[in-house]
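One structure is given below, encoded as structure tokens.
Residue numbers (the working numbering), protein chains in the order written: chain A, 16 to 450; chain B, 10 to 272.
So, in structure tokens, the structure goes:
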């Protein structure tokens, strides 16, 4: 019970050149196909043993959800087969196919019936589902007025009302709030202990490492690697942000970045790893930020930055005009847009030496700082302004939110910033005397 | 066999859904299930008034003052059953796309739910109609039993057609639009509101090709005049209905896997 074996699995969607082609194909008694097959998954082979927990990772559109749909049986494979033993509970995307006009309670009963749970058993399970979902009076309201978080709460509660032999969770939990997610993972952990096989699709490398022993990375419709979750999640981050390991022979070659940066005069900013094309670029002109480089822990463009590592941010600016004083600056924000830290050459160098430039000059600026932040993704903005005091600056080129970085932490704390608290117990505390 | 077993295994879901849908339909209305009766009743009143009072239509050889109303009910209610099954079936897979994409269950549950729902609605209205027949002293006697095989024929025909429409509509959305128009024409091209005798001879001959006309005609004869059907007249409709069922079933089996990709 609880095994999954997938062999030579493939899925292709039919694509017809025109709307009429399908009709022609159906009516054609010579059975000549008039469609092209668009393969989204190919040659998928893997086995999952009972009690194993396997993460599935991959960038958007890599075919993860299609794979899960074939495993749960909602979608038919084009080639190959899936064999499953035991009862499967699946949480695919949002909800469990809830009917918007039925109440939460009615939907719970319907979903349970669909999972093959008998009528009396459902009534026994209802109180538990109700208390786990914690959506209060909404249970007797139609599902159409639910928020997506509430739907997920209810869906998860139903799907896990009975311990399944196989539990499949597809990103759905990311909609729930942190409190509910924690509760879900606690329940998942209990199931795992009791022998449930877990398939977890997640974009959070942290979650996969925490909950899965093993992971698959799907890339371009195929399994790129099938290995321990730590290795796979690192590969995944590399895939996302494309970190390259630096040759150890080059490690000592100082200011390699400066060479890379100095070589070119054209704008190659957008070709660099970690660049976000959703950046917001603005400014008065006269200077352009044309390249950047990030280095930390001996890695160039690291896919993850460990703990409190000092990170060097380099960027190159090309000037089209003369300026008597220019001020480079840098800004770090959360994905939600909260400003965490921003500084510029005035503040960071604590000096009033002016940087003056001539038209045609290119300059490289470097900011170094320890990233004392919690685990997660952060947005970095670079800017160049003209002006001779911190108060009176004219932005020339600003590339807001143009680079994304990932910070990893072995030990997470609460909140965003590491304020570096120290702790002592009363024996060692020197209580300041009160006068 | 496997099919029936799997449907049986999901009987809880099927019956539950039918019940919920029935409850839900009237949940937010104050008159509730009464609407189920008021709707056909209003239609019957309108047609009765227009045809008997305004247009002075008369049924030949029927003396009963309720004659036309009974004729109309017999046709309209059975047509209603047919129309509900076909029009609901044609959208059944599209309407339940959300469910089909997320949960694996026997797809055949859905058409079964449609049939049960339609039968439930029909049973309520037809039950009331039967009470009316008894109370008004127009009950046709033993011939009333002939209604059961006639309804079975209607259901077979509707299910076969509905299944084909339901599957085709997933791949070609034009089918649903087309059938919406087609069924309006079909209604008026079938002797439901008017008696077949008002048609010219050529029209009556053409009516032979309308597979619903003999079934509805037989139902009307049973309920208005207490005449047993001439079973031979119904063979054409029965064969056609069964052919549609076989064809619909094969189409469904062949395309049900592909269907989810198109939803």
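Yeah, the Cβ is synthetic: ideal placement off N, Cα and C, and Gly gets one too. Remember, predicted model here, so these are calculated numbers, not experimental data.
Tell me which residues share the same chain as residue i and place their Cβ nearer than 7 Å to its Cβ, disregarding the 5 neighbours each side in the sequence.
i	result
residue 165(B)	250, 251 and 254
residue 57(B)	77, 78 and 81
residue 178(A)	206, 209 and 211
residue 45(B)	130, 133 and 134
residue 42(A)	none
residue 198(B)	219
residue 195(A)	168
residue 267(A)	Note that residue 267(A) scores 38 on pLDDT, short of 50, meaning its location in the model is unreliable; the coordinates nonetheless yield the value given after this. Hits under 7 Å: none found.
residue 74(A)	254 and 255
residue 340(A)	369, 370, 371, 401, 402 and 403
For residue i, which residues of its own chain have a beta-carbon under 6 Å away from its beta-carbon, when the five flanking residues on both sides are left out?
i	result
residue 356(A)	347
residue 28(A)	53
residue 167(B)	91, 94 and 95
residue 360(A)	342 and 343
residue 91(A)	none
residue 180(A)	16, 17, 101 and 102
residue 31(A)	37 and 50
Just curious, the beta strand (DSSP E) that residue i is in, first and last residue?
i	result
residue 410(A)	409-423
residue 404(A)	From DSSP, residue 404(A) is part of no beta strand (DSSP E); its letter is neither H nor E.
residue 137(A)	Per DSSP, residue 137(A) belongs to no beta strand (DSSP E); it is in the alpha helix (DSSP H), 134-148.
residue 250(B)	First-last for residue 250(B): 244-271, but that is the alpha helix (DSSP H), not the beta strand (DSSP E).
residue 385(A)	377-385
residue 295(A)	295-297
residue 160(A)	Run containing residue 160(A): none; DSSP gives neither H nor E here.
residue 202(A)	Here residue 202(A) belongs to no beta strand (DSSP E); instead the alpha helix (DSSP H) covers 193-209.
residue 181(A)	181-185
Measuring straight from C-alpha to C-alpha, what distance separates residue i and residue j?
i	j	result
residue 85(B)	residue 62(B)	19 Å
residue 291(A)	residue 421(A)	13 Å
residue 316(A)	residue 288(A)	6 Å
residue 266(B)	residue 417(A)	44 Å
residue 183(A)	residue 83(A)	8 Å
residue 86(A)	residue 99(A)	8 Å
residue 94(A)	residue 20(A)	14 Å
residue 153(A)	residue 146(A)	12 Å
residue 138(B)	residue 105(B)	33 Å
residue 304(A)	residue 336(A)	14 Å
residue 205(B)	residue 221(B)	13 Å
residue 60(A)	residue 239(A)	11 Å
residue 308(A)	residue 419(A)	12 Å
residue 164(A)	residue 29(B)	24 Å
residue 122(B)	residue 170(B)	16 Å
residue 22(B)	residue 13(B)	14 Å
residue 36(A)	residue 257(B)	22 Å
residue 234(A)	residue 77(A)	6 Å
residue 171(A)	residue 122(A)	13 Å
residue 155(A)	residue 434(A)	45 Å
residue 179(B)	residue 391(A)	43 Å
residue 185(B)	residue 194(B)	15 Å
Starting from residue i, trace the alpha helix (DSSP H) in both directions and tell me its first and last residue.
i	result
residue 323(A)	Taken as a continuous stretch (DSSP letters only), residue 323(A) belongs to no alpha helix (DSSP H), as it is neither H nor E.
residue 155(B)	Premise fails: residue 155(B) is in no alpha helix (DSSP H) and is neither H nor E.
residue 308(A)	Segment 302-311 is the beta strand (DSSP E) holding residue 308(A); no alpha helix (DSSP H) there.
residue 216(A)	Element bounds for residue 216(A): not the alpha helix (DSSP H) but the beta strand (DSSP E), 212-216.
residue 122(B)	118-144
residue 439(A)	Residue 439(A) -> no alpha helix (DSSP H), and no H or E assigned at all.
residue 52(B)	43-57
Using beta-carbon positions only, say whether residue i and residue j come within less than 8 Å of one another.
i	j	result
residue 129(A)	residue 173(B)	no
residue 413(A)	residue 402(A)	no
residue 385(A)	residue 324(A)	yes
residue 158(A)	residue 119(A)	yes
residue 119(B)	residue 176(B)	no
residue 313(A)	residue 321(A)	no
residue 160(B)	residue 227(B)	no
residue 216(A)	residue 232(A)	no
residue 328(A)	residue 373(A)	no
residue 140(A)	residue 127(A)	yes
residue 226(A)	residue 186(A)	no
residue 174(A)	residue 220(A)	no
residue 49(A)	residue 39(A)	yes
residue 302(A)	residue 333(A)	yes
residue 202(B)	residue 60(B)	yes
If you drop the 5 nearest sequence neighbours on each side, which residues of the same chain put their C-beta closer than 8 Å to that of residue i?
i	result
residue 269(B)	109 and 110
residue 89(A)	107
Should the stretch 231-240 of chain B be called in touch with the stretch 140-156 of chain B, which here means at least 3 C-beta pairs below 8 Å?
yes
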